[in-house]
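According to my numbering, the sequence shown is numbered sequentially starting from 41. Virtual Cβ for every residue (Gly too), placed ideally from N, Cα, C.
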Amino acid sequence: MRTFSRLLGFLRPYRRAVIGSLVLAALAMVATVSLPWLTGKAIDQIERGDRSGLWVVGGVVVAAALLRLVLSVFRRLVAGKVSLGVEADMRNRLYGHLLGLDMGFFDTQQTGQLMSRATVDLQSVRFFLGYGLVFITQSGLTILLAAVAMIALEPGLGLLALIPVPPVVLIAYRYGVVSRPALQEVQQRIAELTADAEENVSGVRIVKAFAREERQLHRFRHTTGRVFDQNLLATRQRAFYQPLLGFLPQLGLAIVLLVGGRQVVNGSLSLGDFAAFYTYILLLISPMRLLGVALGMAQRATASGARLFELLDREPEPRVPPGLPPLPPGSGQVELRGVSFRYAGAQADSLDDVSLHVEGGRTVALVGGTGSGKSTLVGLIPRLYDPTRGQVLVDGADVTGVDPDSLRSEIAVVTDDPFLFSDTVRANVSYARPSASDEEVRLAVARAQATGFVEELPDGLDTVIGERGLTLSGGQRQRIAIARAFLADPRILILDDATSSVDASTEQRIKDALREVMRGRTTFVIAHRLSTIALADEVVVVRDGRVEAHGSHDELVERSPLYAEIAARGLPAEAPVDEAREWVGL
Numbered sequence: 041m042r043t044f045s046r047l048l049g050f051l052r053p054y055r056r057a058v059i060g061s062l063v064l065a066a067l068a069m070v071a072t073v074s075l076p077w078l079t080g081k082a083i084d085q086i087e088r089g090d091r092s093g094l095w096v097v098g099g100v101v102v103a104a105a106l107l108r109l110v111l112s113v114f115r116r117l118v119a120g121k122v123s124l125g126v127e128a129d130m131r132n133r134l135y136g137h138l139l140g141l142d143m144g145f146f147d148t149q150q151t152g153q154l155m156s157r158a159t160v161d162l163q164s165v166r167f168f169l170g171y172g173l174v175f176i177t178q179s180g181l182t183i184l185l186a187a188v189a190m191i192a193l194e195p196g197l198g199l200l201a202l203i204p205v206p207p208v209v210l211i212a213y214r215y216g217v218v219s220r221p222a223l224q225e226v227q228q229r230i231a232e233l234t235a236d237a238e239e240n241v242s243g244v245r246i247v248k249a250f251a252r253e254e255r256q257l258h259r260f261r262h263t264t265g266r267v268f269d270q271n272l273l274a275t276r277q278r279a280f281y282q283p284l285l286g287f288l289p290q291l292g293l294a295i296v297l298l299v300g301g302r303q304v305v306n307g308s309l310s311l312g313d314f315a316a317f318y319t320y321i322l323l324l325i326s327p328m329r330l331l332g333v334a335l336g337m338a339q340r341a342t343a344s345g346a347r348l349f350e351l352l353d354r355e356p357e358p359r360v361p362p363g364l365p366p367l368p369p370g371s372g373q374v375e376l377r378g379v380s381f382r383y384a385g386a387q388a389d390s391l392d393d394v395s396l397h398v399e400g401g402r403t404v405a406l407v408g409g410t411g412s413g414k415s416t417l418v419g420l421i422p423r424l425y426d427p428t429r430g431q432v433l434v435d436g437a438d439v440t441g442v443d444p445d446s447l448r449s450e451i452a453v454v455t456d457d458p459f460l461f462s463d464t465v466r467a468n469v470s471y472a473r474p475s476a477s478d479e480e481v482r483l484a485v486a487r488a489q490a491t492g493f494v495e496e497l498p499d500g501l502d503t504v505i506g507e508r509g510l511t512l513s514g515g516q517r518q519r520i521a522i523a524r525a526f527l528a529d530p531r532i533l534i535l536d537d538a539t540s541s542v543d544a545s546t547e548q549r550i551k552d553a554l555r556e557v558m559r560g561r562t563t564f565v566i567a568h569r570l571s572t573i574a575l576a577d578e579v580v581v582v583r584d585g586r587v588e589a590h591g592s593h594d595e596l597v598e599r600s601p602l603y604a605e606i607a608a609r610g611l612p613a614e615a616p617v618d619e620a621r622e623w624v625g626l
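Shown next as structure tokens:
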């Protein structure tokens, strides 16, 4: 019930429109309920042979029908506008909330699951709030008005004819209670299906590269089968309750035919009133059925709403109080004081009591084995995560005490697998600074050694690249990402193995550009190549979440076995370890 009441809260901005829609629906139902009574009066006029009276009644019937038509058109327009408005509001709120959630949340979520909630679940809520509520109100009002009209015509027969109404309401309520868990599970399995489809499409290159189409199809069929099975359960429930809801009003019809027919024969009920009763019963059949459908919509919307609120109720971690000051000016000095960090659900810390001080303008290379904690360490600087213990400071300010937008505007990140939007090259580069001029964009592209291949594209900077930039090579994507970082002109630059996908000659050109862009700003370089380490002023060796050694290349070759091994593996096959300094140009 709490979920249902929270869903109704989305109608608050549309109170007037909702009230107007309900009033229009009520007036339309008044016109509708008047038609059976007018039909009875017309039959009485026919029996009496009153032609003038018949013309009057006929004219009133036409007027009532036209009134219902106009009211229904306007009601649908108003309800449709409310429905679309609620959908837009919910989608914007959900998307805005998702953008505000922490990286830890996205580390554990499937994209397809989130997309399902933002589409399938949201549509269910939209249809109910826009139309389902009106259907329930309209059906209930029709039943009430028809009941009043029948009792006014003939109290005894009216009460008999309404005997099926309480069972219909109880069964409709029971159907809603029974169907909710089944419908909630349907929504969950549809989300799993969406997630599978998204993964298969996004990973189609891998699927084809390993010839696993049949395997993925088998997996998708299994997921589709789960959706089918759960939908079948919901269909069985609907197949039992919906016909039952349609059958009960027929009992009222039978009562009217038997009891009302005898009264007509006995002369205690006019043929016109009998026809009105008969029409009222026919009129009740549709609202009673619709009531069951609308309650089913309510249960599906409640199930979907629960899934939406599960996202909306998640508080962003780290929490950011309003009114935090901006990052103070400085040269980009970074300090970690006794920092430890553990990912949600992990059994061990990824970083353990790390302390590190980097002066502004210095370039630090982070080296170590896979999973040693290098990327986690640099992820704490722009506050993508908060440390479990300890402090991260930038220019003397604890990152948890400054405005995150201000902090991140001074940091640029280039990863080993850069993300590009399905947009033009220009838009992807200028994403870092939308106000940048065309000349600045071209300069950033040139500094990233990307001018050559960009000019060869069909429309140059205005060429639209494919989703995630998959129409470009890995090296081309990395150079576009580096150009984006150049344009940001950050105080701190983070290069997470940013030249891993380029050939040696291109890497040398990018390295020359990196030297220029790194000048005067603090740079963290996660490196696996000695040629990249050569850009650094100092090297930090990370092992198992700890800083094992920190110093210059010369020092670490002598006193860090791990670094000496990394250096040896990075040299040409014929070069001995003691030639490391000369080979990397230090």
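Q: With distances taken Cα to Cα, identify the nearest neighbour of methionine 143 among Ser371, Ala338, Arg359 and Leu185.
A: Residue Arg359 is the option with its Cα nearest to methionine 143.
Q) What separation, rounded to the nearest whole angstrom, lies between the Cα atoms of valine 73 and arginine 214? A) Spanning the alpha carbons of valine 73 and arginine 214 requires a straight line of approximately 28 Å.
Q: With a floor of 4 residues, list each alpha helix (DSSP H) that falls wholly inside the region 198 to 283, ordered by position along the chain.
A: If we require 4 residues or more, the alpha helix (DSSP H) runs fully inside the region 198 to 283 come out as 205 to 242 and 244 to 249.
**Q.** Anticipated Cβ contact below 8 Å, glycine 408 with threonine 562, distance rounded
**A.** Distance from glycine 408 to threonine 562 at the Cβ level is roughly 20 Å; contact not present, criterion being Cβ atoms closer than 8 Å.
Q: Give the C-beta separation of threonine 182 and leucine 78 to the nearest angstrom, bearing in mind that I take them to be a contact with Cβ-Cβ under 8 Å.
A: In fact, because the Cβ distance is near 16 Å, the residues do not count as touching under 8 Å.
**Q.** For glycine 591, the three-state DSSP class (helix, strand or coil)
**A.** Three-state result, glycine 591: strand.
Q: Quick one: residues in its chain with C-beta nearer than 6 Å to the C-beta of serine 164, no 5 flanking neighbours on either side, listed in chain order?
A: Contacts found: Arg340, Ala341 and Ser344.
**Q.** Stretch pair the region 233 to 243 + the region 253 to 262: three plus CB contacts closer than 8 Å
**A.** Verdict: yes, contact present.
Q. Looking at C-alpha atoms only, which residue of Leu162, Gly80 and Ala57 is the closest neighbour of glycine 120?
A. Sorting Leu162, Gly80 and Ala57 by C-alpha distance to the C-alpha of glycine 120 places Ala57 at the top.
(Q) Given this structure, state the Cα-to-Cα distance separating alanine 567 from valine 582, to the nearest angstrom. (A) Straight across, the Cα-Cα distance linking alanine 567 with valine 582 is about 12 Å.
Q.
So for phenylalanine 381, helix, strand or coil by DSSP?
A. DSSP places phenylalanine 381 in strand when its eight states are reduced to three.
Q: Go ahead and pull the three-state DSSP assignment for alanine 620.
A: Legend: pLDDT at alanine 620 = 39, less than 50; position of this residue unreliable, no value from coordinates given.
Q. Based on the DSSP output, what are the partners of glutamine 431 in its beta bridges?
A. Under the DSSP definition of a beta bridge, glutamine 431 partners with Arg377.
Q: Can you check the region 123 to 185 for any alpha helix (DSSP H) of at least 4 residues that lies completely inside it and give the ranges in chain order?
A: Under the rule that a run must span 4 or more residues, the alpha helix (DSSP H) segments found entirely inside the region 123 to 185 read 143 to 147, 151 to 156 and 162 to 167.
**Q.** Cβ pair tyrosine 54, valine 122 closer than 7 Å
**A.** In contact: tyrosine 54 and valine 122 (Cβ atoms closer than 7 Å).
Q.
Which residue wins for smallest C-alpha separation from isoleucine 147, given the options Ala128, Pro195 and Tyr425?
A. Correcting the residue type first, residue 147 is aspartate in the shown sequence and not isoleucine. Selected option, being the one with the closest Cα: Tyr425.
Q.
If I measure Cβ to Cβ from glutamate 253 and keep anything under 7 Å in the same chain, skipping five residues before and after, which residues do I get?
A. Same-chain partners within the cutoff: Val247.
Q. Are the region 394 to 408 and the region 442 to 461 touching by the rule of at least three beta carbon pairs closer than 8 Å?
A. Of all C-beta pairs linking the region 394 to 408 to the region 442 to 461, fewer than three are shorter than 8 Å, placing the two stretches out of contact.
Q: Identify the continuous alpha helix (DSSP H) that holds glutamate 450 and give its terminal residues.
A: From DSSP, glutamate 450 is part of no alpha helix (DSSP H); its letter is neither H nor E.
Q: Quick one: measure Cβ to Cβ for arginine 519 and alanine 488, integer angstroms, because I've assumed they're closer than 8 Å.
A: At roughly 5 Å, the Cβ-Cβ gap stays under 8 Å, so arginine 519 and alanine 488 are in contact.
Q | For glutamate 194: DSSP bridge partner residues | A | The partner list for glutamate 194 (beta bridge, DSSP) is empty, contrary to what the question assumes.
Q. So, helix, strand or coil for glutamate 350, using DSSP?
A. The DSSP-derived three-state label of glutamate 350 is helix.
**Q.** Assigned secondary structure, glycine 625 (DSSP; H/G/I helix, E/B strand, else coil)
**A.** For glycine 625, the predicted structure reports a pLDDT of 36, less than 50, and the residue's modelled location is therefore unreliable. A value from the coordinates is still provided. The answer is coil: DSSP assigns glycine 625 none of H, G, I, E or B.
(Q) Tell me the residue span of the beta strand (DSSP E) that contains arginine 583. (A) Under the DSSP assignment, arginine 583 falls in the beta strand (DSSP E) whose first and last residues are 578 to 583.
Q | Between the CA atoms of isoleucine 606 and alanine 576 - distance to the nearest angstrom | A | Separation of alanine 576 and isoleucine 606 (C-alpha to C-alpha, rounded to the nearest whole angstrom) is 15 Å.
Q: Taking 7 Å as the cut-off, decide whether the C-beta atoms of glycine 413 and glycine 585 are in contact.
A: Cβ distance < 7 Å, so glycine 413 and glycine 585 count as in contact.
Q) CA-CA distance, glycine 419 and isoleucine 59? A) So the alpha carbons of these two residues sit roughly 50 Å apart.
Q.
Just to confirm before moving on: does the CB-CB distance between proline 204 and proline 76 stay below 7 Å?
A. Cβ distance not < 7 Å, so proline 204 and proline 76 don't count as in contact.
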